[in-house]
Each structure stands twice: as C-alpha cells, then as structure tokens.
Amino acid sequence: MFSWSNSRSSSSGHSRSEHISSYLNDPTLKPSTRKTSRDDSTYDTIFQTKDSNTLLLRVHMPPLTSNSKHCPAPLMTLVGVKGVHPWLNDQMTVKGYGPISTDTEFHNSRLLLSQVVNAVVTHFQLNPPSNLRIIDQSLQKMQPSYRGSTVTGSTTQKTNGTGRYTANGNDQVPSSQRKKDVSEMHFAEIIVIEPSDEQQVRAMMNAYSIPVPPPTIAELDSIPNSDVLNLLTDTNQLLPILEQNKMVTRTEEIKNSLLSANHLNATTYYTKKDSLHSLHEEITNLQSSLKEKVDKFNELKTRQLELCKPISKDLVLKKLKKAAKSSMNESDDLAYEWLDKSDIDCDAKQIDSFIDTFLEKRIVHHVRAAKVERMENS
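So this is what it looks like as structure tokens:
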C-alpha cells in the first residue's frame, strides 16, 4: 500500500520539507522566525518597515493531501494590523504577489519558500501599507514608539557602529530621530475626537448613505479583458465610463456635498476669528482678575479664622486674674486715699459717696475672683 506524506515531492519542483527547511534555515529570516503551531505548518516572521513600524508576517504552509499534484502555495497574512496595500485584501492576506497567487503559479515559479518570504518581507519593508493601524496589543508593545526606544526589524538587532540600526543589511533611522510626515500618519493620530463629541460625530457619519459597491459592473461586463486592462492605463477612456456609472455618480455627489459643507463651516469659523480672539483676550483678563480676587479672599478668610477662633482657657484665666487683681488694687487705693483724708471733717453725703464707689469697685473684684475660682475648678 502507498501513503502520502508531507515530504513527498512532485514530478518536478521542490518538496514541502525542502520549502520549510529553506525557510527555517535562511540566514536572514531565521533570527526573527518562530513556529506558532503544534505541527510544522505555521510560522511568524517579525520585521520592521522603513517607517520604523514593527510588523508580523504569518506564513502558513498547508499540508499535502492525497489529491495534491504538487506542493500548495503558502498563505501569508499581516497579523495584528489594518491598512491598505495593493497586495493585501480586507483580511490583510497577501493576494497580489504573483508567485503565490495560486498553487500552480507557486509550483511553476520554482521558488523556495525562503525566497518567497524574503521577497514579501522586503517589499513590505520598502512599501508598507498606508493608513496603518496596530490593533493587537502585543504587537503594539513591540513598536519603538511604545517602548521609547528603537527596535530593529526582521533579522538583526545590532547597530552598525553609527548609532543607527540595521535590518536585512539596510540602515534604519531610529523613530526618535525621524519626524513622521503628516501624509504617513493615520487619521486617528491627527484628528482627536472628544468623548462628548463622539456620539454626535457617529450620528453624523451614519446619516451619509454611502453606496455599496456592486459585485459586477454592467458597463464593463461586455468589454474584453484586454480592453479592460487598456482602460486601467488610459484615464481618458476610463473616465467617461465611470461618469455613466450610478455608483460612481452617487459617490461623487456625496463627496461634493461633504466638500461644500466643509467649505461652508471653514468660512463661517474664519469670519468669527476676530470675535474669538477678542473673547479669548477678555476671558484671559477676567481670569487674571479672578485670580487676584481669589488671593485677596483667601487672605481675608485667614484673618477671619484667626479672629474668630476660640480663645484658649489658659489665656482667658490669665487675663481674668490680672483684671481681678487690678480691680482689687483700685478699691484698696480708694480706701487708703479715704483714710488719709479721714482727719478732715466729712459730711454724710461724702461718706455715702465713698461707700458707693468703694463697693462698686470691690464688687467687680469679687465677681472676677469668683469667675477665676469657677474656671480653675471646672
């Protein structure tokens, strides 16, 4: 009985095991490649683009089946990112590279898997996807901007002696020294929407009815493939056909509507520029005035608290004892002064006046002395 194995070779070309061996032993790819499946079918290769973005290419080499005439083409996908590139579909799978477009093309190319992966990696390094977004947290942590230092690309992690890093033998400028151009930024890095405005923006965008592209275009179905290719290279012939297409016309109307709305808003905001500057200046002056008044208020508040805070018991007792002694001295002085004048004849009216004055001062002394005694015993 005969059996099929993954190392089987076709009548011509390379076997599956030869492809995988060339991939894993390639001196350029080996340092940055690791197996991610339990079998020998799936591998990840990490590399860095000219924009200093770290990307991950997942390579899947399907196993052979009993119906396989030759080794199937590998499936390559950029994992953890979203972007736009002629070679990539919506799932970020490589579909535009000819040698791996079909199993037959891969077989007829006579290329080893290492050569194919090297070609794809090199192409993405020099021509990375546009509007690139990192959606995988682990891959995000591998970005130089996240870690605060530049990490090399797919193969080497050494400097070339000049402070610059190398990847596949090519110098890469550290991201900390390279100023990213606006055209290279994703719109989310430029337009920051406040959380309070996000729902309003979403509602506004949902109000626009963007037509869904049809699976086929009637105007092009009747045109031979050779003529279609000529149309793609000749804008003068292609534009009249597109202008007759309803989907293109509708999309153009929406575009013009958005441009008109943006122009109207920009004009309105520009006319309010002087008013805005004047309002900003007024607000700045009011803010400065408010700060001065708040500082004055805090100063008066501190003085108020100092004046209104309760006096300590020891301080009250000290002052009360001093006042009691003072009233006692006053009454004693009054008595001594009366005694010194006692040799002079005094009528009853003067005597009554002395007694009233002495008792008034003495009573004050006794009241204060009583308060001192009560406070000391409390």
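The end of the sequence shown is residue 393 by this note's numbering, with every number in the run present. By construction, the Cβ of each residue, glycine as well, lies at the ideal position given by its N, Cα and C atoms.
Proximity below 8 Å, CB of residue i to CB of residue j
| i | j | result |
| --- | --- | --- |
| Leu-320 | Met-390 | no |
| Gly-98 | Asn-133 | no |
| Glu-345 | Lys-376 | yes |
| Val-216 | Asp-151 | no |
| Gln-158 | Ile-149 | yes |
| Thr-57 | His-29 | no |
| Ser-47 | Phe-62 | yes |
| Leu-404 | His-278 | Since the first residue of the chain shown is 16 and the last is 393, residue 404 is not available in this structure. |
| Val-131 | Leu-72 | no |
| Val-379 | Ser-327 | no |
| Trp-102 | Val-96 | no |
| Leu-44 | Thr-60 | yes |
| Arg-125 | Leu-79 | no |
| Leu-349 | Phe-373 | yes |
| Leu-154 | Thr-64 | no |
Any non-hydrogen atom of the ligand ADP within 7 Å of residue i CB
| i | result |
| --- | --- |
| Pro-77 | Judged by which ligands are present, the structure shown has none, so any question about the ligand ADP falls away. |
Same chain, Cβ closer than 7 Å to residue i, neighbours up to 5 away in sequence not counted
| i | result |
| --- | --- |
| Lys-336 | Val-387 |
Coarse secondary structure for residue i, derived from DSSP in three states
| i | result |
| --- | --- |
| His-75 | strand |
| Arg-49 | strand |
| Leu-70 | strand |
| Thr-92 | strand |
| Asp-59 | strand |
| Asn-82 | coil |
| Asn-260 | coil |
| Ile-298 | helix |
| Thr-317 | helix |
| Ser-37 | helix |
| Leu-44 | coil |
| Pro-210 | helix |
| Lys-376 | helix |
| Asp-362 | coil |
8 Å CB neighbourhood of residue i in its chain, flanking five on each side removed
| i | result |
| --- | --- |
| Ser-368 | none |
| Leu-247 | Leu-253 |
| His-292 | none |
Cutoff 6 Å; reference residue i; Cβ partners in own chain excluding five residues on either side
| i | result |
| --- | --- |
| Asp-41 | Ser-129 |
Entirely enclosed beta strand (DSSP E) segments - the segment 96-170, minimum 3 residues
96-99 and 145-149
Between the segment 83-94 and the segment 112-122, are three or more C-beta pairs nearer than 8 Å?
yes
Where are the alpha helix (DSSP H) runs, 4 residues long or more, that stay fully inside the segment 323-359, in chain order?
328-355
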